[in-house]
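Undergrad: A single structure is presented below for examination.
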Amino acid sequence: MSQQAKKRQIIHVDMDAFYASVEQRDDPSLQGRPVVVGGNPNSRGVVSTASYEARETGIHSAMPLVEAQRRCPQAVFLPVNIQKYRKVSQQIREIFLTYTPLVEPLSLDEAFLDVTASTRLFGSAEKIALTIKERIKDELNLCASVGVASNKFLAKLASDLEKPNGFVVIDSNGIQEFLDPLPVGRIWGVGKKMLERLENLNVHTISDLRRIDQASLSRFFGSWGNQLYLLARGIDNRPVESVHEAKSIGRETTFAFDISDRQELETILLELACDIGQNLRKEKLKSKTITLKIRYNDFRTLSRSHTLSQATHLEDIIYTKARQLLSEITLQRPLRLIGISVSNLMGQGEGHLSLFEEPHRNQEKLVQAIDSILEKYGDKSITRARLLQ
């Protein structure tokens, strides 16, 4: 392990049943009840998040909603309110940034923090992690599981061990003692198929894995074998990366029932475009390439793209181009899914100004006003008339 990696102090924060917990917090009548976030149980959708009460019945993420209802008929099924969860996620992020600028979000509900340089100001990494956990509870009334260790692999492993409401610190002097008795399936990247292959080699614990030399692991598993060798010894030199360059932003929806009506499809496109436009502006990005994706009810999938002469973050432009791409497709069958993604991203200040950009000034002012209202009063405070249906 490098000297630099030894000195790192990494925290991994993982919110417990995030979407469901936010819904239970905002509606006290849901507290203590099984809550499933994902949509109508009669639809083709899947579970996004289940509360711990629902998980006790065997419900888990990515399970078909129909199966979730079969397992727990008394569960409360709620739609995914992504705007609400993003807002809460940002509030959590602001707590993180109080202690370090080195925050690497993995999703809305989990992140790595490198607090190596923060310990002089705020005390030990353990103290910082405990303070963050307490602030999330006190200020947002939500529960997080937290792991503290000398690298990302160990910190994430620690946060997973005692969920929900876990707090685990791995001492840098006791890493191997901590790792050896754990099931080998706890190692990052060991999925069902790899676990079967390891068990065929009589490898059940991390201690068992350490008995296999690096050359043999490379022979059995290729380049991943080298990674297994390192992780079994608690070695992970990856830094916390606070900035990720987004390559694309997309939204898609799978319908409860197949749709062939173009007007209905266009209404859905408008909703997706509005969400993407708001997200672009929030991230201070613009896009030049717009891609439409459709999936027929026989699961055949098509996509069509258009590259603009000038990058945009305006939903009206995104919607118009997506609608145009849809109009150019002869729908052979009803659709089960439609989506929009934008790529070829750049910062708002990048690129040259176009002589044709001036007509969009009023739209810019309008969306800024709408964004302010949404930020202040919530995602349902203002919407397009067409989307009210």
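In the numbering used here, the protein residues as written are 889 to 1277. All C-beta atoms in this analysis are idealised placements derived from N, C-alpha and C, irrespective of residue type, glycine included.
#1: Please classify G1165: does DSSP put it in a helix, a strand, or coil?
#2: On the DSSP letters alone, give me the boundaries of the beta strand (DSSP E) that A1199 sits inside.
#3: On the CB-based measure, 16 or more other CB atoms within 10 Å of its CB, does Q1102 come out buried or exposed?
#4: Going by DSSP, what residue range makes up the alpha helix (DSSP H) through G1113?
#5: Determine the direct distance from the alpha carbon of Q971 to that of T832, and round the result to whole angstroms.
#6: Fully enclosed by the region 919-998, which alpha helix (DSSP H) runs are 4 residues long or longer?
#7: Here's a check: name, in chain order, each residue in its chain whose Cβ is nearer than 6 Å to the Cβ of N1167, leaving out the five neighbours to either side.
#8: Can you tell me the Cα-Cα spacing of P961 and S909, whole angstroms?
#9: Using CA coordinates, which residue listed in S1148, L1225 and Y1207 is at the minimum distance from D1163?
#10: Distance check for L953 and V968, CA to CA, integer angstroms please.
#11: Inspect the beta-carbon positions of S1106 and L1219 and report whether they are closer than 8 Å.
#12: Bridge partners for F1000 per DSSP, in chain order?
#13: Judging by CA-CA distance, which residue of S939, F984, F1109 and P1069 is the nearest neighbour of H1092?
#14: So what does K1181 bridge to, in DSSP terms?
#15: Can you list, in chain order, the residues of its chain whose CB lies under 6 Å from that of E1203, leaving out five sequence neighbours each side?
#16: With the cut-off set at 8 Å, would you say K1044 and W1076 are in Cβ contact?
#17: Considering only DSSP beta bridges, list what P1071 is partnered with.
#18: Among P993, Y940, F1143 and I983, whose alpha-carbon lies nearest the alpha-carbon of P1052?
#19: I'd like to check one pair, N1185 with L1213: are the Cβ atoms closer than 8 Å?
#20: Helix, strand or coil for A905? Go by DSSP, reduced to three states.
#21: Would the beta-carbon of S1033 fall within 8 Å of that of D902?
#22: Can you check whether the CB of S1047 is closer than 8 Å to the CB of G1035?
#23: Helix, strand or coil: how does DSSP classify S917 here?
#24: Answer with buried or exposed for K1172, where buried requires no fewer than 16 other C-beta atoms within 10 angstroms of its C-beta.
#25: Would you decide whether A1210 is buried or exposed? Buried here means 16 or more other CB atoms lie within 10 Å of its CB.
#26: In angstroms with no decimal places, state the Cα-to-Cα distance between G1227 and I1182.
#27: By Cβ distance below 7 Å, which residues in the same chain neighbour S1130 in space, the five residues on each side in sequence not counted?
#28: Between N1039 and G927, what straight-line distance do the alpha-carbon atoms span, to the nearest angstrom?
#29: Whole angstroms are fine: how far does the CA of V935 sit from the CA of A950?
#30: Report the residue from R1099, S917 and Y987 whose alpha carbon sits nearest the alpha carbon of G1011.
#31: Where does L1233 fall in DSSP's three states?
#32: Do you know whose CA, among F965, Q1064 and G1079, lies nearest R1096's CA?
#33: R1023 and I983: beta carbons closer than 8 Å?
#34: If we ignore side chains and look at the alpha-carbon of each, how far apart do L1119 and T1007 end up?
#35: What first and last residue would you give for the alpha helix (DSSP H) that runs through D1048?
#36: Reducing DSSP to helix, strand and coil, say where I1205 ends up.
TA: Working from what's here:
#1: The sequence position of residue 1165 within the sequence shown is 277, counting from 1. Shown here, G1165 sits in a helix according to DSSP, grouped into three states.
#2: As a first step, residue 1199 is located in the sequence shown; it is residue number 311 there, counting from the start. Segment T1189 to T1200, the beta strand (DSSP E) holding A1199.
#3: By 1-based counting over the sequence shown, the position of residue 1102 is 214. With fewer than 16 Cβ atoms within 10 Å of its Cβ, Q1102 is classed as exposed.
#4: Indexing the sequence shown from 1 puts residue 1113 at position 225. Note, G1113: alpha helix (DSSP H), S1111 to L1119.
#5: It is not possible to answer for residue 832, since the shown part of the chain is limited to 889 through 1277.
#6: Correct list: 940-943, 953-959 and 970-985.
#7: On the sequence shown, residue 1167 is found 279 positions in, with the first residue counted as 1. The answer, listed in chain order, is I1137.
#8: Position 73 of the sequence shown, counted from the first residue, corresponds to residue 961. Position 21 of the sequence shown, counted from the first residue, corresponds to residue 909. Spanning the alpha carbons of P961 and S909 requires a straight line of approximately 20 Å.
#9: Your numbering for residue 1163 matches position 275 in the sequence shown. Out of S1148, L1225 and Y1207, Y1207 has the C-alpha closest to the C-alpha of D1163.
#10: Here residue 968 refers to the residue found at position 80 when the sequence shown is read from its first residue. Here residue 953 refers to the residue found at position 65 when the sequence shown is read from its first residue. Cα to Cα, the separation comes out at about 13 Å.
#11: Within the sequence shown, numbered from 1, the residue matching residue 1106 stands at position 218. Within the sequence shown, numbered from 1, the residue matching residue 1219 stands at position 331. Note that the C-beta distance between S1106 and L1219 is not below 8 Å.
#12: Within the sequence shown, the letter at position 112 stands for residue 1000. DSSP lists H900 and E992 as partners of F1000.
#13: Taking the first residue of the sequence shown as position 1, residue 1092 is located at position 204. Closest by C-alpha distance to H1092, out of S939, F984, F1109 and P1069, is P1069.
#14: Within the sequence shown, numbered from 1, the residue matching residue 1181 stands at position 293. Looking at the DSSP output, K1181 shares a beta bridge with S1191 and G1227.
#15: The residue labelled residue 1203 in the question sits at position 315 within the sequence shown. Closer than 6 Å at Cβ, skipping near neighbours: A1161, C1162 and G1165.
#16: Looking up residue 1044 in the sequence shown gives position 156. Looking up residue 1076 in the sequence shown gives position 188. Yes, the Cβ-Cβ distance between K1044 and W1076 is below 8 Å.
#17: In the sequence shown, the residue the question calls residue 1071 occupies position 183. Beta-bridge partners assigned by DSSP to P1071: T1093.
#18: For the purposes of this step, residue 1052 is identified with residue 164 of the sequence shown, where counting begins at 1. For the set P993, Y940, F1143 and I983, the Cα lying nearest the Cα of P1052 is the one of Y940.
#19: Your numbering for residue 1213 matches position 325 in the sequence shown. Your numbering for residue 1185 matches position 297 in the sequence shown. Not a contact, by the Cβ cut-off of 8 Å.
#20: Position 17 of the sequence shown, counted from the start, is the residue given in the question as residue 905. DSSP places A905 in coil when its eight states are reduced to three.
#21: What you label residue 1033 is simply residue 145 of the sequence shown in a count that begins at 1. What you label residue 902 is simply residue 14 of the sequence shown in a count that begins at 1. Remark: C-beta atoms of S1033 and D902 approach each other more closely than 8 Å.
#22: Your numbering for residue 1035 matches position 147 in the sequence shown. Your numbering for residue 1047 matches position 159 in the sequence shown. Contact check for G1035 against S1047 passes: the beta carbons are separated by less than 8 Å.
#23: Taking the sequence shown and counting its residues from 1, the one referred to as residue 917 is at position 29. It is helical.
#24: Counting from 1 along the sequence shown, the entry for residue 1172 is found at position 284. Result: exposed.
#25: One-based indexing of the sequence shown puts residue 1210 at position 322. Buried, since its Cβ has 16 or more Cβ neighbours within 10 Å.
#26: Indexing the sequence shown from 1 puts residue 1227 at position 339. Indexing the sequence shown from 1 puts residue 1182 at position 294. Those two C-alpha atoms are separated by around 6 Å.
#27: Counting from 1 along the sequence shown, the entry for residue 1130 is found at position 242. In chain order, P989, L990, V991 and E992 place their CB closer than 7 Å to the CB of S1130, counting only its own chain and leaving out the 5 sequence neighbours on each side.
#28: Here residue 1039 refers to the residue found at position 151 of the sequence shown. Here residue 927 refers to the residue found at position 39 of the sequence shown. Just so you know, the alpha carbons of N1039 and G927 end up roughly 37 Å apart.
#29: In the sequence shown, counting from the first residue as 1, residue 950 sits at position 62. In the sequence shown, counting from the first residue as 1, residue 935 sits at position 47. Taking the straight line from one Cα to the other gives about 5 Å.
#30: As a working mapping, residue 1011 is identified with position 123 in the sequence shown. Of the listed residues, the one whose Cα sits closest to G1011 is Y987.
#31: Counting from one through the sequence shown, the residue named residue 1233 turns up at place 345. Secondary structure of L1233 (DSSP, three-state): strand.
#32: Taking the sequence shown and counting its residues from 1, one reaches residue 1096 at position 208. According to the sequence as given, residue 1096 is Asp; it is not Arg. Here the closest residue by C-alpha is Q1064.
#33: Counting from one through the sequence shown, the residue named residue 1023 turns up at place 135. Counting from one through the sequence shown, the residue named residue 983 turns up at place 95. Less than 8 Å divides the Cβ of R1023 from the Cβ of I983.
#34: For the purposes of this step, residue 1119 is taken as residue 231 along the sequence shown, with counting starting at 1. For the purposes of this step, residue 1007 is taken as residue 119 along the sequence shown, with counting starting at 1. Cα-Cα distance, rounded: 26 Å.
#35: Your numbering for residue 1048 matches position 160 in the sequence shown. For D1048, the enclosing alpha helix (DSSP H) covers residues K1040 to L1049.
#36: In the sequence shown, counting from the first residue as 1, residue 1205 sits at position 317. I1205: helix per DSSP, three-state reduction.
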